[in-house]
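Visitor: Structure below; questions to follow.
Number of protein chains: 2
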Amino acid sequence: MNAAFAKLPAPPYYAVIFSSQRTLAAEAEYAATAEHLFELVRGQPGFLGAESTRGADGFGITVAYFDSEENIARWRQHAEHAVARERGKSEWYSHVELRIAKVERAYTPPIRPKG
Amino acid sequence: MNAAFAKLPAPPYYAVIFSSQRTLAAEAEYAATAEHLFELVRGQPGFLGAESTRGADGFGITVAYFDSEENIARWRQHAEHAVARERGKSEWYSHVELRIAKVERAYTPPIRPKG
């Protein structure tokens with residue numbers, strides 16, 4: 005297991021599934037903001053963990069996990085998060101989708117490397 | 005919007021969130037199997053759409069959407085899917101996480117490009 009995986013408690017908990025297509029704009033600024041927001045969210049009430057990746061085509065998926073919908077709403081209201089969302093809409097993304105889900109079951113399937 | 009985004013009906017529906025770390029093994033075989041499974045799942049009962057991406061570090065997230073937990077279970081039982089899972093556990097992945105969630109709300113935030 006590596007650091008890309010979130011270590012989460014047993015369900016139930018909530019997932020914010022954020023899919024996004026990056027524009028080619030402002031890579032350095034985008035990367036710095038994303039890193040800063042990740043530091044911020046780690047200190048938010050009810051934040052459980054997150055996983056994120058983006059392919060060479062600029063399509064990315066981030067899943068952030070929280071203990072409750074109330075704490076998802078609280079993070080949404082965070083001032084720096086709100087500013088970053090506006091920048092995202094005007095410059096960093098060409099399309100985004102956001103889905104809020106309740107995680108009901110979770111498994112870590114066993115890996116069995118061949119001899 | 006590009007083809008990487010799933011076009012989904014209004015919630016509620018179910019999400020299978022699959023996070024995986026690829027090994028360096030068998031890239032051509034892995035890619036061919038992944039493409040074949042994607043073709044298969046598109047024909048499964050209750051399949052609504054999927055989004056998937058993987059970064060240069062080999063960490064990937066795939067989210068597949070279904071109309072019900074019953075149809076998620078049916079896809080899990082598909083013979084070719086089961087064979088591919090076993091290959092994944094023995095060769096393609098070094099770690100995986102699987103989470104089943106009920107999507108309760110979904111948004112397409114408006115993108116507002118600057119002049």
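If you're matching them up, the sequences are chains D and P in order. Positions 5 to 119 (this note's numbering) are the ones given, in order, by the first sequence. Positions 5 to 119 (this note's numbering) are the ones given, in order, by the second sequence. Glycine residues also receive a C-beta, built at the ideal position from the N, C-alpha and C atoms.
Run through the stretch 5 to 78 of chain D for me and flag every whole beta strand (DSSP E) of 3 or more residues, listed as ranges in chain order.
Guide: DSSP runs (the beta strand (DSSP E)) wholly in the stretch 5 to 78 of chain D: 17 to 26, 51 to 58, 63 to 70.
Visitor: If contacts are defined as beta-carbon pairs under 8 Å, then residue 29 of chain P and residue 95 of chain P qualify, I think. What distance do you get, rounded to the angstrom?
Guide: In the second sequence, residue 29 of chain P corresponds to position 25, counting from 1. In the second sequence, residue 95 of chain P corresponds to position 91, counting from 1. Contact flag correct, Cβ pair sits at about 5 Å.
Visitor: Tell me whether the beta-carbon of residue 20 of chain P lies closer than 7 Å to the beta-carbon of residue 105 of chain D.
Guide: Your numbering for residue 20 of chain P matches position 16 in the second sequence. Your numbering for residue 105 of chain D matches position 101 in the first sequence. No, the Cβ-Cβ distance between residue 20 of chain P and residue 105 of chain D is not below 7 Å.
Visitor: Tell me the DSSP secondary structure of residue 93 of chain D in three-state form.
Guide: Working through the first sequence from its first residue, we reach residue 93 of chain D at position 89. It is helical.
Visitor: If we count the other Cβ atoms within 10 Å of its Cβ and call it buried at 16 or more, is residue 56 of chain D buried or exposed?
Guide: Here residue 56 of chain D corresponds to residue number 52 of the first sequence, with the count starting at 1. Classification of residue 56 of chain D: buried, given that the 10 Å Cβ count is 16 or more.
Visitor: Cβ of residue 15 of chain P within 7 Å of Cβ of residue 109 of chain P?
Guide: Looking up residue 15 of chain P in the second sequence gives position 11. Looking up residue 109 of chain P in the second sequence gives position 105. A contact, by the Cβ cut-off of 7 Å.
Visitor: Ordered along the chain, which non-local residues of its own chain (more than five positions away) have a Cβ less than 8 Å from that of residue 84 of chain P?
Guide: The sequence position of residue 84 of chain P within the second sequence is 80, counting from 1. 40, 41, 44, listed in sequence order.
Visitor: Assuming residue 54 of chain P and residue 7 of chain P make a contact with CB atoms under 8 Å, what is their CB distance in whole Å?
Guide: Stepping through the second sequence from its first residue, residue 54 of chain P is reached at position 50. Stepping through the second sequence from its first residue, residue 7 of chain P is reached at position 3. About 11 Å separates the two Cβ atoms, so there is no contact after all.
Visitor: Where does residue 82 of chain P sit, in a helix, a strand or coil, going by DSSP?
Guide: Along the second sequence, read from residue 1 onward, the residue named residue 82 of chain P stands at position 78. Here residue 82 of chain P sits in coil by DSSP.
Visitor: At a CB-CB cut-off below 9 Å, which residues of chain P make contact with residue 6 of chain D?
Guide: The residue you call residue 6 of chain D lines up with position 2 of the first sequence. Simply 25, 61, 63, 98, 99.
Visitor: Cβ of residue 91 of chain P less than 7 Å from any chain D Cβ?
Guide: To locate residue 91 of chain P, count along the second sequence from 1; it is residue 87. Chain D contact via Cβ: absent.
Visitor: To the nearest angstrom, how far is it from the Cα of residue 79 of chain P to the Cα of residue 67 of chain P?
Guide: For the purposes of this step, residue 79 of chain P is taken as the residue at position 75 of the second sequence. For the purposes of this step, residue 67 of chain P is taken as the residue at position 63 of the second sequence. Their Cα atoms are separated by approximately 14 Å.
Visitor: Rounding to the nearest angstrom, what Cα-Cα distance links residue 114 of chain P and residue 75 of chain P in this structure?
Guide: In the second sequence, counting from the first residue as 1, residue 114 of chain P sits at position 110. In the second sequence, counting from the first residue as 1, residue 75 of chain P sits at position 71. Each residue's alpha carbon lies about 32 Å from the other.
Visitor: Chain D partners of residue 34 of chain P, CB-CB under 7 Å?
Guide: As a working mapping, residue 34 of chain P is identified with position 30 in the second sequence. Those do not exist, as residue 34 of chain P stays about 15 Å from chain D at its closest Cβ, beyond 7 Å.
Visitor: Using a threshold of 7 Å, state whether the C-beta atoms of residue 59 of chain D and residue 58 of chain P are closer than that.
Guide: Here the question's residue 59 of chain D lines up with position 55 in the first sequence. Here the question's residue 58 of chain P lines up with position 54 in the second sequence. Contact: yes.
Visitor: Compute the Euclidean distance between the alpha carbons of residue 47 of chain D and residue 47 of chain P, then round it to the nearest angstrom.
Guide: Here residue 47 of chain D corresponds to residue number 43 of the first sequence, with the count starting at 1. Here residue 47 of chain P corresponds to residue number 43 of the second sequence, with the count starting at 1. Residue 47 of chain D and residue 47 of chain P: Cα-Cα distance of roughly 43 Å.
Visitor: With a threshold of 16 other CB atoms inside 10 Å of the CB of residue 69 of chain P, please say whether the residue is buried or exposed.
Guide: What you label residue 69 of chain P is simply residue 65 of the second sequence in a count that begins at 1. Result: buried.
Visitor: Applying a beta-carbon distance threshold of less than 9 Å, which residues of chain P neighbour residue 57 of chain D?
Guide: Here residue 57 of chain D is taken as the residue at index 53 of the first sequence, counted from 1. Going along chain P in sequence order, the residues near residue 57 of chain D (Cβ under 9 Å) are 23, 57, 58, 59, 61, 63, 64, 65.
Visitor: In the DSSP output, which residue or residues are listed as bridge partners for residue 109 of chain P?
Guide: Here residue 109 of chain P is taken as the residue at index 105 of the second sequence, counted from 1. Paired residues: D/104.
Visitor: Taking only beta-carbon positions, decide if residue 115 of chain D is within less than 7 Å of chain P.
Guide: To locate residue 115 of chain D, count along the first sequence from 1; it is residue 111. Output row for residue 115 of chain D: interface = yes.
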